[in-house]
Structures are given as C-alpha cells and as structure tokens.
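Report on one structure; see the data block that follows.
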C-alpha cells in the first residue's frame, strides 16, 4: 500500500541499500510499447554514484534487469518486474552505527515506529531506493514520448541561477557535473560544493523542473490535482523540504490583477503564473515547479548524538556520501514527473464517454 | 477514486456550489467515539462566508446534517454520510459566465478535459467543496484528541508575521478577523485587505500550521511520507501554490553542520529544522509547515478574456468573492491536517506484530 | 475503503435502514452521458418492497434524488452524489430486538466487532443498502448500453427451472411476480412461496444471470479476473452463499476432453462451458453465472436465542419481511453485474498503448 | 493495481512461466515477526511440480529467495521482496503454440485484449504464478499463528469424499499424493486420476477448506465481506469455476426454520450452516468453503482449433501437465485463505477507537 506509487500506472518497490538487491514491479503499463532499454540504463547512469568528484565515490554499476512483462522487446500489458543487484555494499562502513542514531536521519523514527531496523546504510531509508524510481520513470517517459521533461540545478546554497527557464538551453544541462545549464553559474556551484566537501560538510539546493508538450486535461480536480500529485511525488524524495509550482511562494505576495494569466484566442495564456495547471488540470502551457533539498545529514565532522539507550555519544560519517545531493537528484525528479504524467495520461482516457 | 482522500480513514465527497447540496462519506472511522456535534458546527462556522467585512458577503448557514454511521451520539464503525444543503446560490450572478472562460480559473481546463462543465459558480471547482473537508476534519480531530493543531495567517501580500510560532499565543488567533495571533500585525493585514478590496482587487498570503502532541511513528516511509501526505493535502486546497515544512526552502541554503537537529538524551532534539518529521515519520517534535495561497482569481475589475469559441471578450467579477482567501482557509488547513494525522494514527496500529 | 465498490468506476455508500436516508457517491463516471432518470427509477421500483403479495409489505417509495455530477441532464465527469430518503421506518417493529441477537443475522458479529450497533432493522446490515447499488447499476447500464444483462429466478427451494437460458424469453421475466421467465414454473414457485409464507417460514433459491454483447477483453487476468470480480460482487449481496459461472460445480465432475470449448474460425466457440470468460478475460461469448441465496433468517416463528448478556430468550419476527428474497434480488444482481462490466470497460481503455 | 492482492497486507506479483524468474512484493507485513523460512519452503514444496506420478513431471526446485524486509531473521515492517528463479523452462515444448490458440486457455483472450502475448507456457496466465501466492500465504500464516487452515481434496470427477470435515483427521491429508485425508477414498481418487492420465485426458475436482480458531470480528460488512474476499481469492486461482461457503448451494433449497443457527449461551452456535461468517463477519465458528476446479484444458489428445488468422488446425498437448490440478492446488487454497485472514486481522485493529 505504501511502497506503491501511482494509480493506474503503479510502481511498487522493495529493497534496502545493503540487501542483495533492490527492485520493483510496474503494474498497469499498457501493452504494445517497444522498450528502449539503453535509454533506461542511461537514466540510471545519470543517477548512479561515482560519476564525478562532487558526488559520492561509491561505485555501483546499477544495472537493471527486467524479469517479466516485456516479450521480444515489447510490453505485454502484464506486470513488469525488475531488479538491480547491490554489488558494492560496504556494510562495515556502517558497523559503527548499529546502535547510534545519526542526527536528522531516520534511525530514531524507524526504531520507534517498528521496534527494529536494518541499520546498514540506512536500509530502506537510503536514497538507493530512488534507483527503482528512475527505472520506472524512464519507462514512463517512453509511454508519453511527446512530453519533454527537463530538470536542472537552480541553486546550491545561496548561489542561484537567476535566469528564467525560458532563457536556458536544456541540452547543456549534462555538460557539467552539477547539471546547471548555465556554464558560468555551474562553475561557481561546483567550486562551492568542492569547498563544502573539503570541510567535511554538506550543502542544500533546489531543482527546477519543466514539462513541455503536456496535453490539456491531465489531472483530476479534487484530491488528485496534477500539482498535488507532483508535490507528493517530489516530497517523497529523500531530503526534500519544499515544493512550489508556477508563481509559488512569490505568488502569495501578489495581487489578482497582476497574477491572472490572460488568455490568447487559442486558449494559451499570455503569462503563465499558473505554471501550466489550472484547477488541478493541465492547460497545455509549460508546467514548471521548484523543489527544495536540505543539506545531506551525513557529514564528515564529529557530531554529538545518542545511542538507542539514550546515552550521549559522538558520531562522524565514515562512508562515501554526497556533499550535495542535488546533481544526482535531477534524474529522480524527472523520473517521478514522468510517472505522474503517464499515470494521468492513462486516467484521462477514461474521463469522457465518447 | 479521485474524489476520495485518505487511506484507512477515507473521505469521499460530492457537490457543486450551485447544486442542491454538497456532502460526503467518511469511511473507516472507528466505532466508539462520542461525537461532539457542536465542535463540528463551530469549525464550519469558522469557514463559512459572511463572517466579517474582509471576506465574501455571501450568507450560507452551512449546517451539516449527519445521515448515518452515528447512533445515539456514538460512531458505529459504519460509513458516516453527511450533507450540507446549499441555501443561497445566486446562480444568476454567474449567468454571464456561461460561455466565457474566467482567467486563472478552471473553466477552460474543465471544458477541455470533460467536454462540458457546470458553469454556475465554478461548479465542482468551487472552494465550497472545502466545507465537506472541514466536517470530516472536525470529526478526525475528535479521534486524535491529544494532538493540537493550530493554523494562522502568517502573511498577507508582502506583510509578514515575523515571529516564530513558539512566540505566539494560539488562543488569540480567533480574536481578529484575519486570524493572525499577533494583534498588531493582524491590524495591518486587515487594513491591507480592505484597501485591496476597495480597489476591486485580491491578494495572496500564507498560512502556517503547527501540530503539537503528535506521537512518534506516524507516516509511512517510502511513498506515504508524513510530509508528502500533508503536502498533497495542502496542494489540494484551491489557490495553493506551494508547501514547505521545517526549514523548507530556507533549508536549501544551509549546510549540514548547521541544519542537523542534535538529539537530547530523551530522543527529543535541540533544534527542530526537521519540522517534526524525519524519514517521513513523525519524531514527536512539533510538526510545522507553511502554505502559499495565490490571490483569488475573481476580481472586480474588467479583464480581457475569451469565450468558448475563442472570441475576445471582457469579464468582471459580479458575485460576492473573497478579497483574500487566507483567513477562511485556516480551518480548512487544520481540517486536512487532522485527516492526515488521524489516517496515519490508524495505520500505525497495524505496523507492529505485537 | 470498505464501503466502496469498483476501481475506476467506484461506488461508495452510506446508510442504515432506519436512519434519515441512504445514498452514495459514484466516482469516475465519464462525462458526456445523457442520463435516463426514468430508467433508473424503474430499476428501483423493481427492487422496492411491497410490489406483490409474495414480498415484504413494507411500503417505501424509494425515490432517488441526484445531488451532483449531472448538469442539464448530462454527466459532467465529477462525482455523482445521490440519496434515497427513508420514509417508512417503523423502528418500533425492532424495539424488541434492542438487546437480543437474532439467529443467523449479523447482530452478534456487529456487536463483537464494533462494540456497538444500530439495532433498528439491522442498521447497516439491512438489505436496504442494496437500493444504493441499484441506482449505481442503473447508471452503469447506460454507460455500456450495448451489453444486455438479464437475471431471473432459476430455483425456489427444490423447485428448479430446468431449461437452459438459451431456451428462455427474457422479455417475460417481468410478467410474473417471482421473475421466472417460464410461466408454468413461475406459477409453481409462487405457490410454493405462498405456502412458506403462510407457515411463517422463509425459503432459499437461486438466480441465474446472463450478460450478452460483452466485448472481448474485459477483465484483468491475475487478481481482478472478470469472474472473480463478479463473484465478489454477488457474494456481497445479503444472504448469498455461493457463486458459479459457466460449467460451475458441474464442471468439476467433467473431463478435459468434454469440457474444452472448441473454436469456430471467427474466434467464437462451439460450446460455452467457459461461461464467456477465459483466463479471467471475456471472450465475447455469453457470460452466465448462478448465485445461491439462503432462506431469509427472519421468520415469523418462535426461535430460541440469547441476549447480549448471554441469557436464553426467545424471538419471533414482527416486521414485514420477505418469505423469499430471490425475486427482489433480481435487479440487484443485474445492477452489480453492470457495475463490474462498466468498470472493466473503462479500465480496458488503458490497457493498450495505441 | 491488478497484480495486487489484499488491502493492508498487499501482495504484488510478476512473472511469466518461461521468463527468468517470478516473484513478488509483500507490503504492509508488520515488523517484529521472526520468520520460519523452512515452513515457507515446505509450502512451496507441496505445490511444486514433479512430486508424484499423478502430477506434472516438470522438475523445478522452486526455491524462494527473500531480497528485503527481513533483517537478521525478523521482519522490519518494510516491503518484503522475493523471487523464485525459473530453472526448468522447456520453451521448445511450446514452440508449436506460437500462433495457435489452445481451446479453453487464455491464448485467444490475451491476444485480443493486449494485441500481443508471451506464448511460452502461457506466460503470465500460467499457474506458475501461484507459487508466488504460496510464499506470501506461508508468511501470512506466521502472522496469524493461532488460526489453523486445512484444505483437502473433497472430490475428483464424480468421486466424492462424503464425510463432513468434522469426521476427518487433517493430519492425514499429506499421507497420500491426492491429499484426501480419508485413505480409502484417496486410493480410489488416485486410481481414477491414473486412468484419466493414461487416456491423455484430465479431470476436475473440488477442494474443501476449513479455517479454525478464527477470532470473532474479521471481515468488513458491506463490500469486503469475509466470504466475498475468500470467494474472490478462490476465483483467482486458475481453473476455478465456483465457490460456496457454509450451506452453499444446498442452503438455497432450505427453509429458514431449518437453516438458522441457534445460539448457545456463549455466543457459539449449535449448527453452523452460516459457515462461520454472519453479515460478512467471522463469528468464531469454523469457517469452511468449497471450491470447484474444472479439468485442466491441456490434454494429450488431438483437438481441433484455430490459429491467430482464424485458420483451422489441430493441437495436442506436448508439455508436462497435470491430469488433475486439485492435489497441487491445496497449498494454494490455504495460502490465499491465510492472506485474506491476515489482511482482515490487521484491518480489525483499526475498527474500534479504544
């Protein structure tokens, strides 16, 4: 129930960071799609650790294997099982955590909720889970090929990419390791992350995501508003603290006379403070939103903490961790966006009698 | 499917603003709760139109009638049906909208999605629907009586209540019509809204909500993280453009060494940038979040727009509308928060074998 | 969650037999269907009490009122709320049951499960709830107009209609009060029920239902097999003890060489022991199944029983009850069949990419 | 959505008979259960092919591997992933089926529904899927240890075990290969199956299942009646054509005065025609039901059929198939029964406020 994502197109997942494998089942994917396996693996490669010197140096090939639901390269309409074997779990990196609660992690809450936990690398709380989402999202992208989804790093700490997305060239996002499509800003961001890393610290940031070519009509208007589904998706990503779309929090400062998007004769709008969604339903304009990520909780500095018995102790990160999670989260944001849009795309086929 | 909210405790609703009634069914409410009907009606009264001169002057008594699931004042465990009769629909106020798309409303998207719409007062898109949520939320509050939920107006336009919630006295929220617990700031907010109203314009704002006394362990950690559920709930409210919890968007500017919440020996934390939720699960600290509302789209000024045939025309709001939606949204925010917490409270009863 | 029926087309209901009203919400009904309200009321009239001298003599007009989701006679795609006011509850008929458990009713199990119950007329356990289903089913029929669903009484006690359905004229089902399309057998059945009624007793029976014109492809093959969904639906009707489709329990006595349905060149089959469903998916042949109803538990004879404290006592039915539930259950069987088929019809729109 | 079974305790599965593996994810299993892995494997061994000379001679070790959700032998409350590698797929056995529709199989309906299918061994339609169910059911049994579930072969063709279940010794069910606890009847059944097998034919049969020690109160009374959930589960098993519980179809011939179960002072009943369920809720008495299986469609005789182009052709089973599916279906029936009861057991924890 709670390891599932989506309605008609439903992803259910399993896996701990240090178990034998992670994986999932995609249910409701329509029959008849010729799968581009290479495109899926490429998305996984964008997320995988060890890509550059500003992300964690863990090495995991993260190769997805499909176990069902695809026959002779074409989806059959049956459930698609897949798995990614965990090959590089250094559980000993975590042996010192057995009994100690890492600050601002989920160790304490898991223990209190379940009375037990897999302490190796965070177990199920690890962002390793998001590799499953990238697989499913990459498949979903192939279902809604006409929609273009582009996410990019829009801030690292207090360093912001000020340009609006319309002035950016998304084809340059992958040109640098921080995934900011503006080369000059990217360079500064990379520099900042290197300084932070050297200090054994971590830093937060934001991702902006833009979906273009979305047909009018996606979203269900009361409790599955398109932006509510996107928001819930983004807030499911580890370390996310906030979500805004269209005018967002800035819109809360504005007046109606300046905020309203005036129509053109063809139904498009002159401005797009609505962010492509009105009344919870896509209106055909670009959908854009922004996601806030806190700094990674694991730092390479000594921190006071407690153990499971409430005794004071100290802890220092020893594994290989990301100084800034944002660059690796780009494909995750895109994947969940694709899953949400593909789900609503299927749902929308049932909303009119004729 | 999409007019339902919640998992084990599930609210399903119906109703258009200008139909004969709105209402809902609450499924999964446990047996054995003695219902305080007056408390429910009080919450409805907080939301209803016509309360003060800074909200819409529509008059609707908004009296809820329970039709099932409660016998001799006690919940029976069966589904609770309720309805609120619509008494004061002035459909003629909307006759001029029949064929015209109001800017930044859902008229256009509904028409394109469904091929038809109830144009009277926005039909199902009207915030009148939220009266249903207030009923269900008021009941949910009675299930989780130990949890205290307090929302308040934290900004109107660019006028912010700067004090942190810890410095506020929530018992004063209802002392003024804008529902800001700081009397001095409230006065300025009210003044601002009056000016805006006089200009025939509308203005946005934010609501901060605090839940205290939440037990440790609520929330399901992958796709039903507590904050993701709260975020989806808030983004379901009409006019909401953003959600952040704990450190929120500010957290994205911080470093791990300053953002981490250090434990006290009893498991509580010295700071609470996590906002009471770690790994998607409540940690027993205060939960707090902020919700951004755009300015109401209906303004009393002439605006360019189009009709259903794409012809240019003009429109001016004629009904009785809110210049600022925030004060009336306070009980709605609280209601959905209560529904989310009550749902997770029930779910949590099933998460341990013993 | 458990007062809901269906997936994409979802009915959620509320109501006790002696509360002010029963009703429901139909979610997921597509936009654009012109509703035939008279056809809905006709189905309700087929179910209502007091139609003839072989059913309960309670008089209830059972008039359905639609509260939302239909605008100017056409479905809008929003949730359809409806209710039926309870006009003729003689609660005093049940005053003697307050504390006494009626044998083979749900009094005991409700009390043990919930710790409380509405004892008036069975409360939520009453078959009055099925009026809600008939409303929703009658609407569903209008969505899948090409499918013809006909149910009829195929046995009363040990009196069987031996003819296969192919030899029957369904247009004659409504010609007699027992709803058996063979006049001669119907007469015997009516006679039998009259004798049973006179003795203050009740009797069981079976209903056969046939769906014709079902397109190939309805049903989801693992856990939502078409026949499993139909079976679950039928087993939801009060007093049902068994379900079989196609060859049913007889098929369990047969050999593969005689049971297999051999194909015609057009994909139809020469025999139809499969009952129109293969691998959980409709194959375009007639779907037919049989439902077993136990005798109504309320009899007009003295019975030993216990009260809530475990004291021995006696009880005798005093209300107005059906001597045989089967004739009034015919429209209920048809309604749930229509709901199941309409749900799968919508789902099937999403199962192929192109 | 449709490869999932259960509500709070939810099994989602994948896998084709001739793909690399089958498997599933169990969501909602509570934390804190020490898993008996051997007991799970034993259940799988009861289901696996090649156990005796009256079942298919395929040899598959069917070893389940758990991939997550269990840490140091104890469930953690996170999703439990598992898989069973397919080791003995002789796809060439099915090469002749590529384009031919086997009578009374799902080849035709899959092709028409999805426009494509995995023709090897039936793909997703194969009963191999049921191995997944046995794994999940064996785990569920460990959650509800106090409930004893025993299924057995109650008929093969027209050969019936006439004794009521109360007169049987369930400990003898595994003493013979047909899984009938009466040795004399078992011998006749085995003889019958051998004759049928020799003739290249198959035969149907029934399974009776008894659940003892079920607490009062399981089941949700409207659309998740306990018997409706059990019925839907049984009708999900390949080849099942009918389900009845308690008095079943016989009850439809009876009168209320003979059918009602009279209470004892302790709330138990003198008779149990209700089959342990009243109003959809368990009453603490034994639950018993009967399931009808048609003869396996694959026979070792020549049959007329068509290919995908509608051309007449012939087909003869060449693989290794069961002459009677009933003995191997016993653990499947028990597994699904355990899953249903465990799900309702968890749900019931949420139905009372105190």
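Protein chains in written order, with UniProt numbering: chain A, 1 to 354; chain B, 1 to 354; chain C, 1 to 354; chain D, 1 to 354.
Glycine residues also receive a C-beta, built at the ideal position from the N, C-alpha and C atoms.
Can you look up residue 9 (chain B) in the DSSP assignment and give me helix, strand or coil? Residue mapping note: residue 9 (chain B) aligns to position 9 of the second chain, counting from 1. Three-state result, residue 9 (chain B): coil.
Residue 349 (chain B): contacting residues in chain D (beta-carbon distance under 9 Å): As a working note, residue 349 (chain B) is residue 349 in the second chain. Ordered by position in chain D, the residues that pass the 9 Å Cβ test against residue 349 (chain B) are 346, 349 and 350.
Between the CA atoms of residue 144 (chain A) and residue 32 (chain A) - distance to the nearest angstrom: Locating residue 32 (chain A) in the first chain gives position 32, counting from the first residue. Locating residue 144 (chain A) in the first chain gives position 144, counting from the first residue. Going from the Cα of residue 32 (chain A) to the Cα of residue 144 (chain A) covers about 13 Å.
Per DSSP, the bridge partner or partners of residue 239 (chain C): For the purposes of this step, residue 239 (chain C) is identified with residue 239 of the third chain, where counting begins at 1. In the DSSP output, where bridge partners are listed per residue, residue 239 (chain C) has none listed.
Which of the three DSSP states is assigned to residue 35 (chain A) in this structure? Taking the first residue of the first chain as 1, we reach residue 35 (chain A) at position 35. Here residue 35 (chain A) sits in coil by DSSP.
Where the alpha helix (DSSP H) containing residue 343 (chain B) begins and where it ends: Position 343 of the second chain, counted from the first residue, corresponds to residue 343 (chain B). Here the alpha helix (DSSP H) through residue 343 (chain B) covers 326–348.
Which residue comes first and which comes last in the alpha helix (DSSP H) that contains residue 250 (chain A)? Position 250 of the first chain, counted from the start, is the residue given in the question as residue 250 (chain A). Here the alpha helix (DSSP H) through residue 250 (chain A) covers 248–251.
Reference residue 41 (chain D), options D:170, D:53 and D:60, closest by Cα: Here the question's residue 41 (chain D) lines up with position 41 in the fourth chain. Comparing Cα positions, the closest option is D:60.
Which residues does DSSP list as the beta-bridge partners of residue 220 (chain A)? Within the first chain, the letter at position 220 stands for residue 220 (chain A). BP columns for residue 220 (chain A) point to A:224.
Within 8 Å of any Cβ in chain C, is that where the Cβ of residue 77 (chain B) sits? Working through the second chain from its first residue, we reach residue 77 (chain B) at position 77. Yes, residue 77 (chain B) counts as interfacial toward chain C.
For the alpha helix (DSSP H) holding residue 137 (chain A), just list the boundary residues, first then last. Within the first chain, residue 137 (chain A) is the residue found at index 137, counting from 1. Note, residue 137 (chain A): alpha helix (DSSP H), 130–143.
Quick check: residue 136 (chain A) and residue 15 (chain A), are their CB atoms within less than 8 Å of each other? Position 136 of the first chain, counted from the start, is the residue given in the question as residue 136 (chain A). Position 15 of the first chain, counted from the start, is the residue given in the question as residue 15 (chain A). No. Outside cutoff.
Could you name the residues of the stretch 31–48 of chain A whose beta carbon sits closer than 9 Å to any beta carbon of chain C, in the order they occur along the chain? 31, 32 and 33
At the 8 Å Cβ level, is residue 114 (chain C) part of the contact set with chain B, yes or no? What you label residue 114 (chain C) is simply residue 114 of the third chain in a count that begins at 1. True, the Cβ-Cβ gap to chain B drops below 8 Å.
Presumed contact (8 Å Cβ cut-off) between residue 49 (chain B) and residue 310 (chain A), rounded CB distance: Stepping through the second chain from its first residue, residue 49 (chain B) is reached at position 49. Stepping through the first chain from its first residue, residue 310 (chain A) is reached at position 310. Actually they do not touch by this definition, with Cβ atoms about 52 Å apart.
Proximal residues of chain C, C-beta to C-beta of residue 277 (chain B) below 8 Å: Position 277 of the second chain, counted from the first residue, corresponds to residue 277 (chain B). What residue 277 (chain B) touches in chain C: nothing, since even the nearest Cβ is about 25 Å away.
Since residue 21 (chain C) meets chain B, which of its residues come closer than 7 Å, beta carbon to beta carbon? The residue you call residue 21 (chain C) lines up with position 21 of the third chain. In chain order: 67.
For the 8 Å Cβ check, are there 3 or more pairs between the stretch 246–257 of chain B and the stretch 267–286 of chain B? yes
Using DSSP with H/G/I as helix, E/B as strand and the rest coil, what is residue 269 (chain A)? In the first chain, the residue the question calls residue 269 (chain A) occupies position 269. Here residue 269 (chain A) sits in strand by DSSP.
Since I believe residue 259 (chain D) is in contact with residue 294 (chain C) (beta carbons under 8 Å), could you give me their beta-carbon distance rounded to a whole number of angstroms? The sequence position of residue 294 (chain C) within the third chain is 294, counting from 1. The sequence position of residue 259 (chain D) within the fourth chain is 259, counting from 1. Yes, residue 294 (chain C) and residue 259 (chain D) are in contact; Cβ-Cβ is about 6 Å, under 8 Å.
State buried or exposed for residue 53 (chain B), treating a residue as buried only when at least 16 other CB atoms are found within 10 Å of its CB. Numbered from its first residue, the second chain carries residue 53 (chain B) at position 53. Classification of residue 53 (chain B): exposed, given that the 10 Å Cβ count is below 16.
Relative to the C-alpha of residue 268 (chain D), which candidate in C:307, C:182, C:261 and C:345 has its C-alpha closest? Indexing the fourth chain from 1 puts residue 268 (chain D) at position 268. Ranking the options by Cα distance to residue 268 (chain D), first place goes to C:307.
Beta strand (DSSP E) containing residue 148 (chain C): first to last residue? Translated into positions along the third chain, residue 148 (chain C) becomes position 148. Counting along the chain, the beta strand (DSSP E) containing residue 148 (chain C) begins and ends at 148–156.
Measure the C-alpha to C-alpha separation of residue 76 (chain D) and residue 10 (chain D) and round it to an integer number of angstroms. Residue numbering aside, residue 76 (chain D) sits at position 76 when the fourth chain is read from its first letter. Residue numbering aside, residue 10 (chain D) sits at position 10 when the fourth chain is read from its first letter. The alpha-carbon atoms of residue 76 (chain D) and residue 10 (chain D) are separated by roughly 16 Å.
Exposed or buried, residue 405 (chain D), counting other C-beta atoms within 10 Å across all chains shown (16 or more means buried)? The first residue shown for chain D is 1 and the last is 354, placing residue 405 (chain D) beyond what the model contains.
When the Cα atoms are used, what is the spatial distance from residue 8 (chain B) to residue 290 (chain C)? Reading the second chain from its first residue, position 8 is the one you call residue 8 (chain B). Reading the third chain from its first residue, position 290 is the one you call residue 290 (chain C). Cα to Cα, residue 8 (chain B) sits roughly 33 Å from residue 290 (chain C).
So residue 213 (chain B) packs on residue 148 (chain B), CB below 8 Å; how close in whole Å? As a first step, residue 213 (chain B) must be located in the second chain, where it is residue number 213. As a first step, residue 148 (chain B) must be located in the second chain, where it is residue number 148. 5 Å between Cβ atoms; contact.
Whether residue 13 (chain D) touches residue 221 (chain C) by CB criterion (8 Å): For the purposes of this step, residue 13 (chain D) is identified with residue 13 of the fourth chain, where counting begins at 1. For the purposes of this step, residue 221 (chain C) is identified with residue 221 of the third chain, where counting begins at 1. No. Outside cutoff.
Would you list the one or two residues that DSSP bridges to residue 206 (chain B)? On the second chain, residue 206 (chain B) is found 206 positions in, with the first residue counted as 1. Residue 206 (chain B) is bridged to B:155 and B:292.
Check whether residue 193 (chain D) and residue 240 (chain D) have beta carbons under 8 Å apart: Indexing the fourth chain from 1 puts residue 193 (chain D) at position 193. Indexing the fourth chain from 1 puts residue 240 (chain D) at position 240. Result no, Cβ atoms of residue 193 (chain D) and residue 240 (chain D) do not sit closer than 8 Å.
Within 8 Å of any Cβ in chain A, is that where the Cβ of residue 293 (chain C) sits? Counting from 1 along the third chain, the entry for residue 293 (chain C) is found at position 293. No - not a single Cβ of chain A is within 8 Å of the one on residue 293 (chain C).
What does residue 159 (chain C) reach in chain A if we use C-beta pairs closer than 7 Å? Here residue 159 (chain C) corresponds to residue number 159 of the third chain, with the count starting at 1. Simply none; closest approach about 43 Å.
Which of the three DSSP states, helix, strand or coil, is assigned to residue 120 (chain C)? For the purposes of this step, residue 120 (chain C) is taken as the residue at position 120 of the third chain. It is helical.
Contact defined as beta carbons within less than 8 Å: I believe residue 154 (chain C) pairs with residue 226 (chain C). What is the distance between those atoms, to the nearest angstrom? Here residue 154 (chain C) refers to the residue found at position 154 when the third chain is read from its first residue. Here residue 226 (chain C) refers to the residue found at position 226 when the third chain is read from its first residue. That belief does not hold up - the Cβ atoms of residue 154 (chain C) and residue 226 (chain C) are roughly 21 Å apart, past 8 Å.
Go through its chain and collect everything with a Cβ distance to residue 303 (chain B)'s Cβ below 6 Å, but skip five positions before and after it. Position 303 of the second chain, counting from 1, holds the residue named residue 303 (chain B). Around residue 303 (chain B): 103 and 315.
DSSP three-state call for residue 229 (chain D): helix, strand or coil? Translated into the one-based positions of the fourth chain, residue 229 (chain D) becomes position 229. Helix.
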